[in-house]
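In what follows, a single structure is set out as structure tokens and then discussed.
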Amino acid sequence: MNTSTKKKKIAEAGVTNSDNSILIKGARVHNLKNVDVEIPRSKLVVVTGVSGSGKSSLTIDTLYAEGQRRYAESLSAYARQFLMRMDKPDVDFIKGLCPAIAIEQKVISRTPRSTVGTMTEIYDYLRLLFARAGKTISPVSGNEVKKDDVTDVVNAIKSLPHGDKVLIMVEFRQHKNRDVKEELNILIQKGFSRLYASGETLHIEDTLEDVSVLTPKSKKAAPVYVLVDRLVAKDFEEDDLHRMADSVNTAFFEGEGEMYIQVNSDKPRHFSNKFELDGLTFEEPVPNLFSFNNPFGACPTCEGFSQVLGIDADLVIPDKRLSVYEGGVAPWKGEKLGWWKEQFIKGAKRFDFPIHSPIIDLTKEQYNTLWKGNAHAQGIDDFFKEVEQNLYKVQYRVLLSRYRGRTQCPDCNGYRLRKEALYVKIGGKNIGELCDMPVKDLNQWFADLKLSEHDRQLAKRILIEINTRLKTLLDVGLGYLTLSRLANSLSGGESQRIQLTRSLGSNLTNSLYILDEPSIGLHSRDTARLIEVLKELRNLGNTVVVVEHDEMMMREADYIIDMGPLASHLGGEVIATGNYDQIVANKKSLTGKYLSGELTIDAPKNARKWTRSVTVQGARQNNLQNIDVTFPLNVMCVVSGVSGSGKTTLVKQILYPALQKIKGEFADKVGLHKGVTGDIDYISQIEMVDQNPIGKSSRSNPVTYIKAYDEIRDLFAKQPLSKIRGFQPKHFSFNVDGGRCDACKGEGEQIVEMQFLADVHLTCEVCGGKRFKEEVLEVTYKGKSVYDVLEMSVDEAIEFFADVKDVSKKIKPLSDVGLGYVKLGQSSDTLSGGEAQRVKLASFLGKEKAQGHILFIFDEPTTGLHFHDIKKLLASFNALIEQGHSILVIEHNTDVIKSADWVLDLGPEAGDGGGTLVFAGRPADLKKSKESYTAKFM
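Per the UniProt record's numbering, the sequence shown starts with residue 1, numbered consecutively.
Structure representation (structure tokens):
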């Protein structure tokens with residue numbers, strides 16, 4: 001198509017296009033209805049709309065997918081033979097597209113080797129910094145380990161007063177299995193002619209006749225040297241310097257790393273190019289020495305994983321609230337092993353050990369004494385040494401196995417590196433200690449770092465890169481993380497903001513960045529800082545497209561695209577475009593109505609009263625500062641606070657596992673606290689509704705999770721054609737052989753492994769992605785096959801199965817929680833964290849009224865929700881409370897906080913500056929709190 005024809009087509013489409021915008025014409029991916037849209041370049045563009053309105057279809061599945069496809073076309077023919085089957089997005093054309101980068105919410109790394117430091121590339125720069133400017137400190141004397149090179153010796157000679165006589169020498173050595181004469185003959189063959197002994201110069205050939213000169217008379221006798229060169233100090237010319245450097249090089253080689261220079265008749269001065277001190281040989285700092293992913297640098301004990309199988313302190317002292325006297329050390333009990341406890345208690349008098357204090361209250365020194373023991377009493381380590389000496393007895397083997405678990409590596413103290421790497425320090429700290437500092441402290445440490453002029457020149461460029469990335473981490477609200485934090489322990493929002501840090505560090509320009517809800521998990525205070533980071537990315541000349549529901553983000557955007565009007569088949573259109581004011585003024589826009597206040601999420605008139613509660617006492621895990629917190633029951637309680645203030649620690653690491661243990665269920669390790677009291681017996685069950693995927697298999701989907709697919713399969717098995725062909729409900733399942741496609745095993749797609757690139761998912765060629773055999777698909781209900789039903793959205797299916805009450809009743813809760821747009825058969829691994837969480841919520845809503853009282857714990861359930869959907873979610877919460885259950889929500893969204901009956905606000909800051917209970921009470925009273933950051937945004 002020539003240019004004029006193309007321009008004519010664009011004009012006909014009714015879209016004005018200029019060279020400084022990206023034009024999408026006729027997008028039909030998923031539920032998009034032949035959408036035409038113009039995205040201005042070098043601007044911050046927000047794409048908003050209700051959940052399921054087509055935002056991700058437009059940005060990720062159309063814009064980014066086309067960017068990827070165009071990149072693939074630039075690859076080699078070998079790579080393209082697989083990639084040519086990459087589906088082109090269903091779009092007429094996209095004009096003005098620049099290189100596209102998508103930053104999604106997925107936790108991108110599951111490996112235990114990946115850390116925040118490696119993901120942001122800060123660790124790579126730290127390795128380089130330590131290799132270039134690090135000082136190796138001997139653990140014996142605490143002195144710096146240095147080595148001399150040729151330049152050091154040449155400079156020493158150049159600095160001598162003119163006229164000084166200089167001898168370059170190496171010590172004469174007699175090697176094993178050689179006599180003195182043989183040694184001298186070898187020296188002659190190498191071209192040496194003189195020796196130097198006791199202030200005299202000797203010819204080697206003369207010495208061959210009488211070798212007694214070389215036999216020391218006593219141990220204190222002066223050594224004999226081989227003379228390499230003789231010089232007189234002066235203003236050396238270039239040729240002289242070359243000769244001197246050659247001689248020094250030869251001397252280092254002959255002396256196996258050691259050489260001497262004698263000036264006039266002074267004592268010979270020693271030089272060594274070996275990296276040695278205090279009788280120890282050290283490794284020279286190179287980047288790989290500081291890499292725990294490289295066998296050269298990794299700790300040989302834990303192989304760079306930081307943990308080994310050893311004695312687990314949490315199993316040895318399971319309840320830190322007990323004292324030593326009360327039996328806090330679990331193995332020290334019984335008739336025989338109780339002796340260890342008795343001897344410790346007797347010895348404790350002599351060194352003033354508090355045997356009646358809870359172990360949790362011991363100082364660091366006292367806790368170490370309990371483990372390591374001292375002259376007066378034997379500790380836990382001594383106990384296990386004795387156990388290991390008796391392992392030939394079966395009862396001791398059983399005893400040891402009871403207390404073994406994953407524990408910190410004793411050799412590297414969890415730093416992952418070999419000890420030689422940890423001898424290298426900058427500013428008194430090794431690389432492991434820097435990685436254990438929170439980012440905000442590390443940033444300050446680098447600001448205060450003093451380096452010598454030479455080191456500063458070496459490290460100048462490296463420090464710029466480190467400081468830029470640390471600043472960005474602070475700007476996106478991650479100052480509380482440490483660089484050693486494992487990547488697989490991060491939330492989706494944290495992971496996305498770390499990728500953003502890496503992208504900013506690369507300083508790309510003229511690129512298209514597509515971000516999927518980067519404000520997830522962020523307090524409103526941190527969202528403001530995130531917006532500044534996105535503007536910085538835009539100011540570099542990039543186009544930043546953000547899929548977002550946050551009102552602050554919309555206010556700051558240069559351009560907004562509002563999708564809708566509703567979800568799924570009722571959405572997929574561009575409702576409004578323009579700046580914030582234009583969206584607010586647009587009567588068609590649902591988003592605009594919420595922004596203008598025409599539609600609102602109303603807080604309940606009166607907060608519910610509560611009489612029952614559960615209290616966590618003395619919580620001090622991570623940054624929690626020994627706080628007591630009361631959680632009310634039979635109401636909706638919200639835990640708020642800035643990111644990193646301790647919300648997740650309090651709820652998910654202390655309250656949840658502690659209640660599970662009390663109920664006799666299996667639970668993860670419980671965080672440090674003194675106890676949980678209150679109406680625990682009133683709670684019959686605790687349900688954690690988190691954002692983990694709803695199924696491990698790619699065949700798992702919403703309709704199977706809420707158990708509605710069983711009724712659908714029964715319905716199809718009852719159809720006349722099924723009875724004729726002998727089909728049973730199992731033939732309509734894609735999890736077992738029978739009716740499913742044999743080629744793709746009911747997956748609907750086949751995966752091509754690309755080795756160095758991401759795996760490519762291709763539609764199954766046998767069934768065309770329909771998952772079932774042809775004869776099974778011929779069975780229909782109301783003209784629809786089982787594949788057609790799985791392709792329906794929840795809302796469409798409710799209409800379709802209106803007369804089959806068993807089916808419609810089971811799938812209705814999905815619509816109630818705002819998932820009306822999700823396809824019944826959509827693979828669970830394509831659901832976002834927030835969607836997976838709401839599918840779990842729907843499964844509870846769909847159950848017959850549960851017996852007893854359930855405490856539901858939600859972790860940021862508004863993830864990925866539009867104002868309109870938050871309204872539905874709150875209605876679902878109220879439905880559960882009406883059934884007699886309790887809701888506990890960790891949340892930043894101000895609409896949810898306003899709708900709560902009770903708010904617990906942690907803070908005031910993140911990390912060390914948080915961990916205290918700033919406010920507990922009704923949302924109406926929170927606004928009066930002076931300390932709370934949440935109050936300022938209410």
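Just so you know, even glycine gets a beta-carbon here, dropped at the ideal spot from N, CA and C. The model shown is predicted, which means the values in this text are computed figures rather than measured ones.
When DSSP labels each residue in this structure, what does residue 940 get in the three-state scheme? Any answer about residue 940 is impossible in this case: the structure gives the chain only from 1 up to 938.
When the Cα atoms are used, what is the spatial distance from valine 376 to serine 323? Reading the sequence shown from its first residue, position 376 is the one you call residue 376. Reading the sequence shown from its first residue, position 323 is the one you call residue 323. According to the sequence displayed, residue 376 carries histidine and not valine. Near 19 Å, if we compare the C-alpha coordinates of serine 323 and histidine 376.
Residue environment, aspartate 526, which counts as buried when at least 16 other CB atoms sit within 10 Å: Residue mapping note: residue 526 aligns to position 526 of the sequence shown, counting from 1. With 16 or more Cβ atoms within 10 Å of its Cβ, aspartate 526 is classed as buried.
Classify methionine 259 as helix, strand or coil using the three-state DSSP reduction. As a working mapping, residue 259 is identified with position 259 in the sequence shown. Three-state result, methionine 259: strand.
Helix or strand or just coil, what does DSSP make of tyrosine 403? Along the sequence shown, one-based indexing puts residue 403 at 403. Here tyrosine 403 sits in coil by DSSP.
Nearest-angstrom Cα separation, counted from aspartate 124 out to residue 939: Outside the displayed span of the chain (1 to 938) sits residue 939, for which this structure offers no information.
For the 8 Å Cβ check, are there 3 or more pairs between the region 689-704 and the region 635-648? The region 689-704 makes no contact with the region 635-648; the number of CB pairs closer than 8 Å stays below 3.
Out of curiosity, what's the CA-to-CA distance linking isoleucine 798 and glutamate 551? Locating residue 798 in the sequence shown gives position 798, counting from the first residue. Locating residue 551 in the sequence shown gives position 551, counting from the first residue. If I take the Cα positions, the gap works out to 32 Å.
Which same chain residues, not among the five before or five after leucine 481, have their C-beta less than 6 Å away from its C-beta? Position 481 of the sequence shown holds residue 481. Residues Val116, Val439 of the same chain have their beta carbon placed closer than 6 Å to that of leucine 481, with the five preceding and five following residues left out of the count.
Outcome for leucine 874 when other beta-carbon atoms lying within 10 angstroms are tallied against a minimum of 16: As a working mapping, residue 874 is identified with position 874 in the sequence shown. It counts as buried.
Rounded separation between phenylalanine 351 and tryptophan 332 - CA only: Translated into the one-based positions of the sequence shown, residue 351 becomes position 351. Translated into the one-based positions of the sequence shown, residue 332 becomes position 332. Approximately 20 Å, taken between the alpha carbons.
From the DSSP output, in three-state form, read off cysteine 409 for me. To locate residue 409, count along the sequence shown from 1; it is residue 409. For cysteine 409, the three-state secondary structure derived from DSSP is coil.
Secondary structure of histidine 868, DSSP reduced to three states: Counting from 1 along the sequence shown, the entry for residue 868 is found at position 868. Here histidine 868 sits in helix by DSSP.
Closest to valine 166 by C-alpha separation, out of Ile157, Gln174, Glu335, Arg173, would be which residue? Along the sequence shown, one-based indexing puts residue 166 at 166. Cα-wise, what sits closest to valine 166 is Ile157.
Residues in its own chain within less than 6 Å of phenylalanine 867 by CB, not counting five upstream and five downstream? The sequence position of residue 867 within the sequence shown is 867, counting from 1. Only residues of its own chain outside the window of five on either side were considered, and among them Tyr594 have a CB closer than 6 Å to the CB of phenylalanine 867, listed in chain order.
Could you please give the first and the last residue of the uninterrupted alpha helix (DSSP H) stretch that includes glutamate 860? The sequence position of residue 860 within the sequence shown is 860, counting from 1. For glutamate 860, there is no enclosing alpha helix (DSSP H), as DSSP marks it with neither H nor E.
As an exercise, report each continuous beta strand (DSSP E) stretch of at least 3 residues that is fully enclosed by the region 600-674, in chain order. If we require 3 residues or more, the beta strand (DSSP E) runs fully inside the region 600-674 come out as 613-619, 627-632, 636-640.
So, with DSSP's three-state summary, where would you put valine 316? What you label residue 316 is simply residue 316 of the sequence shown in a count that begins at 1. Correct three-state label for valine 316: helix.
By how many angstroms is the C-alpha of arginine 725 removed from the C-alpha of serine 4? Position 4 of the sequence shown, counted from the first residue, corresponds to residue 4. Position 725 of the sequence shown, counted from the first residue, corresponds to residue 725. In this prediction, serine 4 scores a pLDDT of 49, lower than 50, which makes its location untrustworthy; no coordinate-derived value is stated.
Inside the region 272-336 only - beta strand (DSSP E) runs reaching at least 3 residues: If we require 3 residues or more, the beta strand (DSSP E) runs fully inside the region 272-336 come out as 307-311.
Should the region 159-176 be called in touch with the region 283-295, which here means at least 3 C-beta pairs below 8 Å? No, the region 159-176 is not in contact with the region 283-295.
For glycine 134, which residues of its own chain have a beta-carbon under 7 Å away from its beta-carbon, when the five flanking residues on both sides are left out? Translated into the one-based positions of the sequence shown, residue 134 becomes position 134. The answer, listed in chain order, is Pro285, Val424, Lys425, Ile426.
Rounded distance between the beta-carbons of alanine 836 and asparagine 692, thought under 8 Å: Translated into the one-based positions of the sequence shown, residue 692 becomes position 692. Translated into the one-based positions of the sequence shown, residue 836 becomes position 836. At roughly 7 Å, the Cβ-Cβ gap stays under 8 Å, so asparagine 692 and alanine 836 are in contact.
Could you give the C-beta distance for isoleucine 694 and lysine 840, rounded to a whole number, given that I count them as a contact under 8 Å? Translated into the one-based positions of the sequence shown, residue 694 becomes position 694. Translated into the one-based positions of the sequence shown, residue 840 becomes position 840. That pair is a contact at about 6 Å.
Please report how far the alpha carbon of glutamate 104 lies from the alpha carbon of aspartate 516, in whole angstroms. Your numbering for residue 104 matches position 104 in the sequence shown. Your numbering for residue 516 matches position 516 in the sequence shown. Near 5 Å, if we compare the C-alpha coordinates of aspartate 516 and glutamate 104.
In whole angstroms, give me the CA-to-CA distance for arginine 127 and arginine 538. By 1-based counting over the sequence shown, the position of residue 127 is 127. By 1-based counting over the sequence shown, the position of residue 538 is 538. So the alpha carbons of these two residues sit roughly 31 Å apart.
Kindly give me the distance between the Cβ atoms of glutamine 174 and valine 180, rounded to whole angstroms, as I take these residues to be in contact under 8 Å. Indexing the sequence shown from 1 puts residue 174 at position 174. Indexing the sequence shown from 1 puts residue 180 at position 180. Rounded, the Cβ-Cβ distance is 6 Å, consistent with contact.
How long is the line joining the alpha carbons of threonine 369 and threonine 59, rounded to whole angstroms? On the sequence shown, position 369 is the one that residue 369 refers to. On the sequence shown, position 59 is the one that residue 59 refers to. So the two alpha carbons sit approximately 59 Å from each other.
If you draw a straight line from the C-alpha of arginine 922 to the C-alpha of alanine 607, how long is it? Numbered from 1 along the sequence shown, position 922 holds the residue referred to as residue 922. Numbered from 1 along the sequence shown, position 607 holds the residue referred to as residue 607. Rounded to whole angstroms, arginine 922 to alanine 607 spans 7 Å at the Cα level.
Determine contact between the region 568-588 and the region 62-78, defined as no fewer than three beta-carbon pairs at a distance below 8 Å. Flag = no, the region 568-588 and the region 62-78 do not touch.
Rounded to the nearest angstrom, what separates serine 827 and isoleucine 360 at their Cα positions? Here residue 827 refers to the residue found at position 827 when the sequence shown is read from its first residue. Here residue 360 refers to the residue found at position 360 when the sequence shown is read from its first residue. Cα-Cα distance, rounded: 46 Å.
Roughly how many whole angstroms lie between the Cα atoms of leucine 570 and lysine 823? Stepping through the sequence shown from its first residue, residue 570 is reached at position 570. Stepping through the sequence shown from its first residue, residue 823 is reached at position 823. Cα to Cα, the separation comes out at about 13 Å.
Report yes or no: do three or more beta-carbon pairs, one from the region 534-549 and one from the region 649-669, lie closer than 8 Å? In short, these stretches do not touch, since the Cβ pair count stays below three.
Once DSSP output is grouped into helix, strand and coil, what is the label at phenylalanine 732? For this step, residue 732 is matched to residue 732 along the sequence shown. Of the three classes helix, strand and coil, the one that applies to phenylalanine 732 here is helix, per DSSP.
Between the C-alpha atoms of glycine 521 and asparagine 622, what's the straight-line distance to the nearest angstrom? The residue given as residue 521 occupies position 521 in the sequence shown. The residue given as residue 622 occupies position 622 in the sequence shown. Computed Cα separation, rounded: 19 Å.
Sequence-distant residues of the same chain with beta carbon closer than 8 Å to aspartate 19, five excluded per side: Counted from its first residue, the sequence shown places residue 19 at position 19. In its chain, beyond the 5 residues on either side, Gly96 have a beta carbon closer than 8 Å to the beta carbon of aspartate 19.
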